[in-house]
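Data first, discussion second: the structure below is written as structure tokens.
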Amino acid sequence: MQADDSLAVPKSLLSVSATCLKILDQRALPGSVRYLDCSHVDEVIDAIGCLAVRGAPAIGLAAAFGLILNLEGQPENAQQIMQELNARGDRLIASRPTAVNLAWAVDQMLTYAQSPECDLGSPGWREKLYAQAQSLFEADREACRKIGEAGLPLLEGRRNILTHCNAGALAVSEYGTALAPIYAAKALGRTVNVWVDETRPLLQGARLTAFELMAHGVSCQLITDNMAAHVMASGQVDLVLVGADRVAANGDAANKIGTLGLAVLAHHFKIPFVVACPWSTIDLETGLGTDIVIEERNVDEVCGFQGVRSAPEGMNAFNPAFDVTPADLITAIVTEHGILSPPFSEGLRAGFGDR
Ligand code: MRU
366 MQADDSLAVP KSLLSVSATC LKILDQRALP GSVRYLDCSH VDEVIDAIGC LAVRGAPAIG
426 LAAAFGLILN LEGQPENAQQ IMQELNARGD RLIASRPTAV NLAWAVDQML TYAQSPECDL
486 GSPGWREKLY AQAQSLFEAD REACRKIGEA GLPLLEGRRN ILTHCNAGAL AVSEYGTALA
546 PIYAAKALGR TVNVWVDETR PLLQGARLTA FELMAHGVSC QLITDNMAAH VMASGQVDLV
606 LVGADRVAAN GDAANKIGTL GLAVLAHHFK IPFVVACPWS TIDLETGLGT DIVIEERNVD
666 EVCGFQGVRS APEGMNAFNP AFDVTPADLI TAIVTEHGIL SPPFSEGLRA GFGDR
């Protein structure tokens, strides 16, 4: 993909300094663009919990910067600093359980904090931690660009792509994961048309993916989640392309609730079902998809939308935020290292794809 630094959507995160992280409040999109100024880890934890920032890589990066916000008041004693960082890390990780990128990013930061290079407590340790968070951000940008390039062959001869939730620029540092090959194809002048699943209950598809794709001039059409079977049955989908929040060692992939249904449909209609994610989403410690913890959110999200109630008062509801697609329904997994084909466990353990 050609470098395109003029992507027309606001950045999900703007790191101003080690004392200020600006988080794009995605709850307000597409209506307005506003940033939350976070100067304390608690504000970042709140922003992750309420989905002001969301998307697996983006919450990991927010956590990396949040972990080190305003360490000025902290003592210069390495042990005490580490205690504070560990306590912050535990709270950040607990703010959303399913996306492994969150725990991964915290772990990267804590490992670096304990390294001789960082040398906690010695002159410049705060700056070094801040530089480490910035380098995770840059690495994610690079990974997303590479996912875009690596995924291009899968779009060859396939114009009509269906996606779910938002796995675009807003969910990462820049470019996106599932949307990255689409942006790369568009940059090459190829014709792509994207079916955007609205993604109940919080409408990340209708609010965020639609916003992004329109801003980039990508041809797209919005459908409600229950229309996906119809558009597939009528031959209008050539490829299903989604992101992931955690991929287990056997290739089972957790993603936004509703993804599993799409995979079952795609299998039935013999449409390729592809997962795109950075390597930070691969969790080799988790053997099977059934071991992945699925976040359950407040049922008010199901009983209405943005404060307008649609279900009767007192109605019971169930609100799992993610589901797990078994590996045998996945045609390919695209990462920054290339395209993995089934069976996935070997390629995932080896750490690279087949490009
Ligand atoms: O609840 P969300 O909006 O954080 O869920 C996001 C998703 O499920 C995305 O598809 C996933 O994180 C991939 S982001 C590149």
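Note that our numbering has the sequence shown beginning at 366, numbered continuously upward. Note that CB positions come from ideal geometry on N, CA and C, so glycine has one too.
Item to complete: Please determine if the stretch 647–656 and the stretch 606–619 are in contact, where contact requires at least 3 C-beta pairs separated by less than 8 Å.
Response: yes
Practice prompt. Just mark Q729 as buried or exposed, buried being the case when its beta carbon has 16 or more other beta carbons within 10 Å.
Written response: Examination of residue 729 is not possible in this model, given that the chain is present from 366 through 720 alone.
Worksheet item: Using a threshold of 7 Å, is the CB atom of D411 nearer than that to any non-hydrogen atom of the ligand ATP?
Response: As far as ligands go, the structure on display features the ligand MRU and does not contain the ligand ATP.
Fill in: Inter-residue Cα distance where the pair is E492 and C509
26 Å
Discussion item. Just to confirm the assignment, what range does the beta strand (DSSP E) spanning S382 have?
Written reply: 378–382
Discussion item. If you measure between the beta carbons of T528 and T476, is that distance less than 8 Å?
Written reply: no
Item to complete: Run the CB neighbour count on H702, radius 10 Å, all protein chains shown included, and call it buried at 16 or more, exposed below.
Response: buried
Worksheet item: Ordered along the chain, which non-local residues of its own chain (more than five positions away) have a Cβ less than 6 Å from that of T696?
Response: P637, F638, V639
Practice prompt. Apply the 10 Å Cβ neighbour rule to L578 and answer buried if 16 or more other Cβ atoms are within range, or exposed otherwise.
Written response: buried
Worksheet item: What three-state label does DSSP hand N525 in the structure shown?
Response: strand
Worksheet item: How would you call V673, buried or exposed, if buried means at least 16 neighbouring beta carbons within 10 angstroms?
Response: exposed
Discussion item. With H, G and I counted as helix, E and B as strand and the rest as coil, what does DSSP make of L705?
Written reply: strand
Fill in: R419 to S487 span [Cα, whole Å]
35 Å
Discussion item. Suppose you measure from the CA of Q479 to the CA of L450; what does that come to, to the nearest Å?
Written reply: 10 Å
Item to complete: Let me know the alpha helix (DSSP H) ranges lying completely inside the stretch 662–696, each 4 residues or longer, listed in chain order.
Response: 665–668
Worksheet item: Under 8 Å, do A423 and A571 count as touching if we go by C-beta distance?
Response: no
Worksheet item: Looking only at DSSP bridge pairs, what is Q586 linked to?
Response: W560
Worksheet item: At which residues does the alpha helix (DSSP H) containing D505 begin and terminate?
Response: 490–520
Fill in: Exposure label - A598; buried when at least 16 CB within 10 Å
exposed
Practice prompt. Pick out the complete beta strand (DSSP E) segments inside the stretch 582–643, 3 residues or longer, and give them in chain order.
Written response: 584–588, 604–607, 611–613, 618–621, 638–641
Worksheet item: Considering only residues of the same chain and omitting the five flanking positions on each side of C585, which have a CB-CB separation below 6 Å?
Response: V559, V561, L578
Item to complete: Taking only the alpha-carbon atoms, compute the straight-line gap between R453 and E660 and give it to the nearest angstrom.
Response: 20 Å
Worksheet item: What do you get for L630, buried or exposed, if any count of 16 or more other CB atoms within 10 angstroms of its CB means buried?
Response: buried
Worksheet item: Apart from the five residues just before and just after L517, which ones in its own chain have a Cβ nearer than 7 Å to its Cβ?
Response: P546, A549, A550
Practice prompt. With a cut-off of 8 Å on the beta carbons, I'd call K621 and T564 a contact; round off their distance for me.
Written response: 6 Å
Practice prompt. Determine the extent of the alpha helix (DSSP H) in which D472 is found, giving its start and end residues.
Written response: 465–478
Discussion item. Do S377 and I410 have their beta-carbon atoms positioned less than 8 Å apart in this structure?
Written reply: no
Practice prompt. Rounded to whole angstroms, what's the CA-CA distance from V465 to E666? Just pull it up for me.
Written response: 23 Å
Practice prompt. State yes or no: is the C-beta of Q671 nearer than 7 Å to some heavy atom of the ligand MRU?
Written response: no
Worksheet item: Which value, in whole angstroms, describes the spacing of the CA atoms of N531 and C668?
Response: 22 Å
Discussion item. Just to confirm the assignment, what range does the beta strand (DSSP E) spanning I388 have?
Written reply: 385–389
Practice prompt. Go to L401, then tell me how far its beta strand (DSSP E) extends in each direction, as first and last residue.
Written response: 400–403
Worksheet item: Hey, F576 and L457: beta-carbon distance below 8 Å or not?
Response: no
Worksheet entry | Own chain, CB closer than 6 Å to T589, minus 5 neighbours either side, in chain order | E563
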